[in-house]
Structures are given as structure tokens and as C-alpha cells.
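Taken in sequence, the protein lines are chains A and B.
For the first sequence, the UniProt record's numbering begins at 1 and goes up steadily by one.
For the second sequence, the UniProt record's numbering begins at 1 and goes up steadily by one.
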Amino acid sequence: MTALTFGRASVPVKYLPVLVTGCLFVAMFVAGGIRYEGFASGQVVLNVFIDNAFLLVVAVGMTFVILTGGIDLSVGSVVALSTMIAASLMEGPGWPPYVVVPLVLLIGSGLGLVMGWIIQSFDIQPFIVTLAGMFLARGLCYTIGTDSIPIRDATFTAFAQTRIDLFADLWVSPSVVIALVVVAVAAYVLHYTRFGRSVYATGGNEQSALLMGLPVARTKITVYTVSGFCSALGGVLLSFYMLSGYGLHAVGMELDAIAAVVIGGTLLTGGTGFLLGTVLGVLVLGLIQTIISFEGTLNSWWTKIFIGLLLFVFILLQRPFSGRVRR
Amino acid sequence: MTEHILRMVGITKTFPGVKALQDVNLSVRRGEIHAICGENGAGKSTLMKVLSGVYPHGTYEGEIVFEGERVEFGSIRDSEHAGIVIIHQELALSPQLSIAENIFLGNERAKRGIIDWNRTNYEAAELMKRVGLRENPTTPIFDIGVGKQQLVEIAKALSKEVKLLILDEPTAALNDDDSAHLLDLLRGLREEGITCVIISHKLNEVTAIADAVTIIRDGRTIETLDMAADDVTEDRIISGMVGRALDNRFPPHESSIGEEVLRIEDWTVHSPSQPGRKVVDGAGLTVRRGEIVGLAGLMGAGRTELAMSVFGRTYGVNISGKIFKDGKPIVIRNVQDAIRHGIAYATEDRKRYGLNLIDDIKRNISAAGLKGLASRGWVNENEEYKVAEGFHRSMNIKAPTVNSVVGKLSGGNQQKVVLSKWILTEPDVLILDEPTRGIDVGAKYEIYTIINRLADQGKAVLVISSELPELLGLCDRIYTLSEGRITGEVAREDATQERLMYLMTKGQEKLS
Numbered sequence: 001m002t003a004l005t006f007g008r009a010s011v012p013v014k015y016l017p018v019l020v021t022g023c024l025f026v027a028m029f030v031a032g033g034i035r036y037e038g039f040a041s042g043q044v045v046l047n048v049f050i051d052n053a054f055l056l057v058v059a060v061g062m063t064f065v066i067l068t069g070g071i072d073l074s075v076g077s078v079v080a081l082s083t084m085i086a087a088s089l090m091e092g093p094g095w096p097p098y099v100v101v102p103l104v105l106l107i108g109s110g111l112g113l114v115m116g117w118i119i120q121s122f123d124i125q126p127f128i129v130t131l132a133g134m135f136l137a138r139g140l141c142y143t144i145g146t147d148s149i150p151i152r153d154a155t156f157t158a159f160a161q162t163r164i165d166l167f168a169d170l171w172v173s174p175s176v177v178i179a180l181v182v183v184a185v186a187a188y189v190l191h192y193t194r195f196g197r198s199v200y201a202t203g204g205n206e207q208s209a210l211l212m213g214l215p216v217a218r219t220k221i222t223v224y225t226v227s228g229f230c231s232a233l234g235g236v237l238l239s240f241y242m243l244s245g246y247g248l249h250a251v252g253m254e255l256d257a258i259a260a261v262v263i264g265g266t267l268l269t270g271g272t273g274f275l276l277g278t279v280l281g282v283l284v285l286g287l288i289q290t291i292i293s294f295e296g297t298l299n300s301w302w303t304k305i306f307i308g309l310l311l312f313v314f315i316l317l318q319r320p321f322s323g324r325v326r327r
Numbered sequence: 001m002t003e004h005i006l007r008m009v010g011i012t013k014t015f016p017g018v019k020a021l022q023d024v025n026l027s028v029r030r031g032e033i034h035a036i037c038g039e040n041g042a043g044k045s046t047l048m049k050v051l052s053g054v055y056p057h058g059t060y061e062g063e064i065v066f067e068g069e070r071v072e073f074g075s076i077r078d079s080e081h082a083g084i085v086i087i088h089q090e091l092a093l094s095p096q097l098s099i100a101e102n103i104f105l106g107n108e109r110a111k112r113g114i115i116d117w118n119r120t121n122y123e124a125a126e127l128m129k130r131v132g133l134r135e136n137p138t139t140p141i142f143d144i145g146v147g148k149q150q151l152v153e154i155a156k157a158l159s160k161e162v163k164l165l166i167l168d169e170p171t172a173a174l175n176d177d178d179s180a181h182l183l184d185l186l187r188g189l190r191e192e193g194i195t196c197v198i199i200s201h202k203l204n205e206v207t208a209i210a211d212a213v214t215i216i217r218d219g220r221t222i223e224t225l226d227m228a229a230d231d232v233t234e235d236r237i238i239s240g241m242v243g244r245a246l247d248n249r250f251p252p253h254e255s256s257i258g259e260e261v262l263r264i265e266d267w268t269v270h271s272p273s274q275p276g277r278k279v280v281d282g283a284g285l286t287v288r289r290g291e292i293v294g295l296a297g298l299m300g301a302g303r304t305e306l307a308m309s310v311f312g313r314t315y316g317v318n319i320s321g322k323i324f325k326d327g328k329p330i331v332i333r334n335v336q337d338a339i340r341h342g343i344a345y346a347t348e349d350r351k352r353y354g355l356n357l358i359d360d361i362k363r364n365i366s367a368a369g370l371k372g373l374a375s376r377g378w379v380n381e382n383e384e385y386k387v388a389e390g391f392h393r394s395m396n397i398k399a400p401t402v403n404s405v406v407g408k409l410s411g412g413n414q415q416k417v418v419l420s421k422w423i424l425t426e427p428d429v430l431i432l433d434e435p436t437r438g439i440d441v442g443a444k445y446e447i448y449t450i451i452n453r454l455a456d457q458g459k460a461v462l463v464i465s466s467e468l469p470e471l472l473g474l475c476d477r478i479y480t481l482s483e484g485r486i487t488g489e490v491a492r493e494d495a496t497q498e499r500l501m502y503l504m505t506k507g508q509e510k511l512s
């Protein structure tokens, strides 16, 4: 049994979690549309993208890491550090954005590279190494400044406030375009490159990957570097969104990213999952927030409650698949 | 004292598709050391698992009578309660805990839930004295060698008031001194009235220590020999272990042998877990183009270790020796080097080391040879699909499509995927470790045909197998390995099971 059949259509089992997440998104959208006036419009969906572009980018990096069977807890802190570095360099010495942004991306990637190297070379659990990275990056924010630093650079703010008009009054921000490009590139890399294959093979069975001559060590270091890069880019996108750098930005974002990846159907043990699932996972999380804000009377903490319940459901949903496939 | 402490009557155990045990009988007299001998896969361990309740009552047919009573064990706990303790080849100790803690694990010396450490360490010291283990009871297990760990296992058994002690290959991982000490200890336990069943491949030890030997072959009891009454020699046991006729289970094949492809000289490998122990000791062999060479050896002889250490140093430390490919010396530092030099190794443990079970056939086949299907890092998916589809047909992999998940295939089809994967890397030398383990008879024939085809294409094939008939039916030449050393090289014409078994069970010093 490698496929489930619904009437005449047949879906391979490995696509099922993604399909369920997709259906959930559609169902939530339809339910919202019935319940709230003005909900069922294209802009609501686009706003979910606009408000979560940074999370989407961070979750893409997280997907790489989780596919190898690892975890990266440092992403939220690296996002905060990136906003902080970007804001302080533009406000203090007044460096132009086209110098600052590449520098920030380089620092984020460097942090990821170092964590990946430690994980691989000393054979230490990713959990503990990235936990250390999380404290380190968050702490470094406060060496730059304890208060929020506003970003007033003309080019930067102009770019951040640009509206890209689509058809019929719909619009997106440049961040959404950047995030979608990241998703497309990442999906392509995961699916069509030898590196992508190594990522899946390492997560599926690291020992067999080693004996097949796959570059397991290089792959593991690379995925943390990718995650570091994505976190830094997420930080840049968050700076566009907030127009400030602050050490308390993106607190707990690592957990949102992990939740999005898991809800998107990627197994925490690695080896199976799709980037499309991660995109849907982020959209579901975003839509929950939207629904709660439409509800009006509900406290925003209800978002957490729904995410918690959803996670429970999805973990249980995945259980039979992972159990059945592994011998 | 001739009363039987244990009688197993008519034991039959069936796994899906395989009859592992068929009408096996075993009678063990009180206070004796009873050896069970048989080839790898003959059913010895299965029989012991039936006895110890690993396979609970109801999953097998037949009857077990222990201490004069019919017993029906539902779990290991039941059998231990009755006084039967089994010590497996892979020791079941917790490495971070102390010797004393391990001895009383699950059986703690406690009062109202609070552990009495004085009593624990004191009683542990007493038990350790009985087994001749001179260590501090608080020493952690990872600090003592395998030989001493074995003694801890026995002390643990003694703490449970054992009446029947079963040891599965107790000396397989031990050096000569530790083995001798262990055998002395078993004699001492016999004096104390404890009955022992040992499973062993080392026939010199069996003849030295056992009072009786039961021989099992192909899941059936062949005979029980009384060492005192009958004049039992090692050769007598060997003929009982292998005495079966070769039938038509192998495709006919005539090899056309060319020049030498791979030569290994003076290859020595040390164990990564026990510093100083040589797992492979000065081994040397050659394989020629179009030739199928066998490597025979009992469990623990170092076959897999030899192969894996050659294949990119994936096993062992402190490896020394020379490898020649087509007459030129080569250096292999890792798996990528090995693949580049045209060497492929199909592992004995497909599920753990050979396949990514949660991925599909196509991607498993392409994994090792992906370089050939990609340009500048980008995989050509159409080409990959075509290649996989080609193997799907040529290897006759029974699966609906190449997108089927590998974990759901049968053993034979999984093995075909593994072979496809390595053939795609276009190797000159294929090392196949237990290529037909866990595969049913029909699929075995197919695998043999594939191996013959590879040889006909001019590849050099080295087959490692525990099944002697398989080596005899398949190989042009067979090396025997015993305790890490090559103890013989036999041409196909001269090879018999008896001769191979003789070479496999002898240390090199006895040969001369």
C-alpha cells in the first residue's frame, strides 16, 4: 500500500500530510468567510503572506535542518540579532542598506556554519548546540543596545513601504516576493540537486547514507548554514516590517517555525517532508491569527491555544505513517 | 544424577514464510554442560528464544518440561522466575551504571522502595568473588573489558538464583585468556550444581568442556552425542553440522577468469571498542576479473570487518596493509574514494546500513551513483527515472512502480535495489556481504543469477556468506577466515563443506 484512494483519484501516502494541511487551510478560509463579513477576500490571504513573510523564510531554513533529523533553536535569536545589527549600523554610522544587508546575511550564515561545524565535528546533539547559539545570539543583541532602535534610512524605509500592485486592488509587499523566491529556490534545491538528495538520505538513514558514499558531514554543516542564512534574511524582512531593531523581536519564533514545519507534514525524525507543506503550515498559523483578530473579543493568546491543539492533532496524524514505513 | 532438568519436545516455530524450527528435541541432564552446535542460521538462537520466553508460549508448537513440570513462559520474566537465565552474545548491560548496579538491575536490594547501597555493594562483591571478578563494585561498566563484562552478566544471573544458565556464543568476542577463564568458571558452576547450555562455534572449546552435544541443522535436531560415552571428536561434530546433500539450488555457471583486479596484502584492523584487539590480522586475498571468490568464516571471524575496513575505513581503527587495484597500489580514505576506485560493498544489514527505508526505489537506486546522473550538482530527474525503470525491469524488482517505498518490499526485492544501486556506480569489484540473508529460496536463485551475470560482465565479485552450500554452489575459489586470519584458500574442485568447516574452526597455529 503506497497510495490511498479517494474515489477515482489516488494519492501517494507521502503526500497525505501536505494534502491534509492544504484542506485544513481551505476549510479554515471557508469557515472564516461564512462567519465574518469581509473575510473571504483575496487580500486576507495576501495579508497572511505579508504579515508572515519573515516566518516563512525562517521556516524554510528550519525545514532543511529538520529534514536531516536535526533541529535549530537559534533561529529566533538570530532574527533578533539581524534586526539589531541592521538597525544600529544604519542609524549609528549611517551605512547604506546595500552594505548592511549583505553583511547581516553573512553574519547569520557564519553563525549557522559554526553551529553546524560543532554539531558535526564533535558529534553533539543539535538541540544543545543550537540552544547555546540561541542564548549567545540573544545576548549579543543587548551588547548592541537594550532599547529598540528605529530605522530611518530613506532607501530602506521606501523599499519597506513599497506596495506591489497585483490585479483588482490586491497588493503584496516586496518581502512577500522575496519570501516566495526563497521558497521556490529552496524547493528546487531540495528536489533537483545532489545536495537536496543528501539532505533526505541523511535524515532517512544516516548510517546507510554514509555507506553509500554521500557527503553526510558536509550536508549536515550546510543545512545549519542555510538555516542561519534564512534566519538572517528573516531578520531583514522583519526589519522591513517593523522598521526597527530590538533584542526582544522574534522571541519564541523558533518554536513557531518548528510548529509550521511539523504542521506542514515534515517528520521531526527527518527524511520525509516537503517545502510546500511548510508554506501551508505557515499559512495555517497566520490564518489562525487572522481569524482571532476578526473575532475581535478573543485574546490573542488564543492563537497559542489553537496552535497547540493543531500540533497535537498533526503529531497523532503523522504517527501511523512514520510507524508503518519504518519496518 | 541422570534426571533431566529440561526437556524440549517437538518444538516447531514458524515465521511468516519460513519454518525456523521443525520438531526439535532437546534434553539436558541436571548439572551438566550441554553444548548446542550448528551452522549460522541453523536455528540455535531461535530455540533458545523459545526456551527463555522471548517467543512466548502459543507462538510455537511443542512442549517444554522444566524441573519435571510443564511450563508455559509468556515472557523472559517468567523464565527467569523459574530459574532460566539467558546471556546473549550482545551483552545487555547499561554502560554508565556501576558493576553492582548492573548486577541488581531490575532486582534492586531495596527496603520500601529505597535502595540499600551498602547491601547492594556488599552482595555484589560476594557475587563477583564467586565469578572471579576482581574489580570495585562501583566501577562503571564501560571501564572494564568485554571479558569482565561477561563475568558481570554471569554474576547477575547468579543473583537471580539461576538453575539453568544459557550462554549464546560466550567466547566469540573474548581473547584466549578471558576465554580460558570463562571456561574454568563454567566448570566451577557445574561443581555448584548449575546446569549450563552453551551455544558455541568454537569446537575445541566444546570438546574441552561439554558433557553432551546436541547438533541442529536446518531447524531440526540431528543428534545428541554423549561426550563421555561416545568418542566425540571435532570432525565428528562437523560432519553432523554440515551433512546435507547439495541439490539444484544454483544456476549453472562457468566463469571466464581474467587478470587480477583487487589484491589486499597484510591487512590488519583493530577493534574500535577494545583497544589492542586485532579483528583482522594480516589477511591477504586477491580477486580476478570475472571471478566469484567466496569468503567463509564463522560469526566473529572478522569477515564483515575485513570488507568494511577495505571499503573506505567504515570499520575499525589503526588499519594497516596494502590494497592494489589492477596491480597499482591505491589509498582509500573514505567511501567516496572507494567508489571512485570502482569498489562497491553491499552490506549484510540492508535495513540499517544499506537502504533509506522511508524513501522510494528510484532514489535509493540513484543515491550512490548520483554523480553520473547530475551535472554541476543538478540532478537530471528524467535520466534518473529511466535508469531506475531500467533496473526495475532488468533486475525484476517486484514493485508496482519505481516510486514505491523501499521499506515495504520483501527482502529479496530490497536486495535487488541494493545491488542496482551499486551496479549504477559501475564498479570493477563488488563485495557482497551475506547477499541472500533473510531472502526466500526462490529469490535466492534470482540473486545468484544476478551475481553470475555480474561476473560474466567482467566484474570481480567477493561473496561473504555464512552458508557454506551457497559458497560451494557459487564461487570459483573460497578463502576461509578464522579469528581474523586467512586460514585457507580452496579451489572450487577441492572444496567440501567438511574441509571448509575444518579450516573455519581451526586457529592458524593448529594448521601447521
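Glycine included, each C-beta is placed from N, C-alpha and C at the ideal position.
- A Cβ-Cβ contact shorter than 8 Å links Gly204/A with Asp359/B.
- Per DSSP, the unbroken beta strand (DSSP E) holding Cys196/B starts and ends at Thr195 to Ile199.
- Within the segment 208-242 of chain A, those residues whose Cβ lies closer than 8 Å to any Cβ of chain B are, in chain order, Ser208, Ala209, Leu210, Leu211, Met212, Gly213, Leu214 and Pro215.
- Apart from sequence neighbours up to five positions away, the residues of its chain that approach Leu311/A with a beta-carbon distance below 8 Å are Ala259, Val262 and Ile263, ordered along the chain.
- If you draw a 10 Å sphere on the C-beta of His181/B, you find 16 or more other C-beta atoms in it, and that means buried.
- For the segment 349-379 of chain B, the beta-carbon criterion of a distance under 7 Å to any beta-carbon of chain A is satisfied by Lys351, Arg352, Tyr353, Gly354, Leu355, Asn356, Leu357, Ile358, Asp359, Arg363, Ala367, Ala368, Leu370, Ala374, Gly377, Trp378 and Val379.
- Leu419/B is the residue among His34/B, Arg112/B, Leu419/B and Asp176/B whose C-alpha sits nearest the C-alpha of Arg350/B.
- Remark: C-beta atoms of Gln207/A and Arg352/B approach each other more closely than 8 Å.
- Taking CB atoms only, Asn205/A has a neighbour in chain B less than 8 Å away.
- Among the CB atoms of chain B, none fall inside 8 Å of the CB of Phe314/A.
- By the neighbour-count criterion, in which 16 or more other beta carbons inside 10 Å mark a residue as buried, Val99/A falls on the exposed side.
- Ile361/B sits close to Val402/B, with the two beta carbons spaced by under 8 Å.
- One alpha carbon belongs to Leu51/B, the other to Ser27/B, and they sit about 12 Å apart.
- Considering only beta carbons, the part of the segment 407-424 of chain B lying closer than 8 Å to chain A consists of Gly407, Lys408 and Lys421, in chain order.
- Pro93/A and Phe39/A have their C-alpha atoms some 45 Å from each other.
- Comparing alpha carbon positions, the residue from Ser273/B, Tyr55/B, Pro170/B and Lys416/B closest to Met299/B is Pro170/B.
- Cβ proximity to chain B below 7 Å picks out Tyr192, Thr193, Arg194, Phe195, Arg197, Tyr200 and Ala201 from the segment 185-201 of chain A.
- Residues of the segment 253-271 of chain A with a Cβ closer than 7 Å to any Cβ of chain B, in chain order: Gly271.
- One Cα belongs to Val75/A, the other to Val172/A, and the distance between them is close to 25 Å.
- Residues of chain A whose Cβ lies closer than 7 Å to the Cβ of Gln336/B are, in chain order, Gly213.
- Distance from the Cα of Leu91/B is smallest, within the candidate group Tyr122/B, Phe142/B and Arg29/B, for Phe142/B.
- When Cβ-Cβ separations below 8 Å define contact, Thr314/B makes contact with chain A.
- Between the segment 28-35 of chain B and the segment 296-316 of chain A, the count of C-beta pairs closer than 8 Å stays below three; the two stretches do not touch.
- Val129/A and Gly265/A have their C-alpha atoms roughly 25 Å apart.
- Within the segment 472-489 of chain B, not one residue has a Cβ closer than 8 Å to any Cβ of chain A.
- Scanning chain A for C-beta atoms nearer than 9 Å to the C-beta of Thr12/B yields nothing, as the closest lies near 26 Å away.
- Taking a Cβ-Cβ threshold of 7 Å, the residues of chain A close to Thr347/B are Leu211, in chain order.
- Straight-line spacing of the CA atoms in Arg492/B and Asp476/B works out to 5 Å.
- In this structure, Tyr479/B sits near Leu285/B, with a CB-CB distance shorter than 8 Å.
- One Cα belongs to Leu454/B, the other to Ala346/B, and the distance between them is close to 14 Å.
- A straight line joining the alpha-carbon of Asp168/B with that of His88/B spans about 5 Å.
- The C-alpha of Leu21/B is placed about 9 Å away from the C-alpha of Thr221/B.
- Ala257/A and Val197/B have their C-alpha atoms some 57 Å from each other.
- Distances from the CA of Met241/B to each of Gly43/B, Ile464/B, Ala399/B and Asp116/B were compared; the closest alpha carbon is that of Gly43/B.
- Counted as a single uninterrupted DSSP element, the alpha helix (DSSP H) harbouring Glu80/B occupies residues Ile76 to Ala82.
- The C-beta of Glu381/B comes closer than 8 Å to at least one C-beta of chain A.
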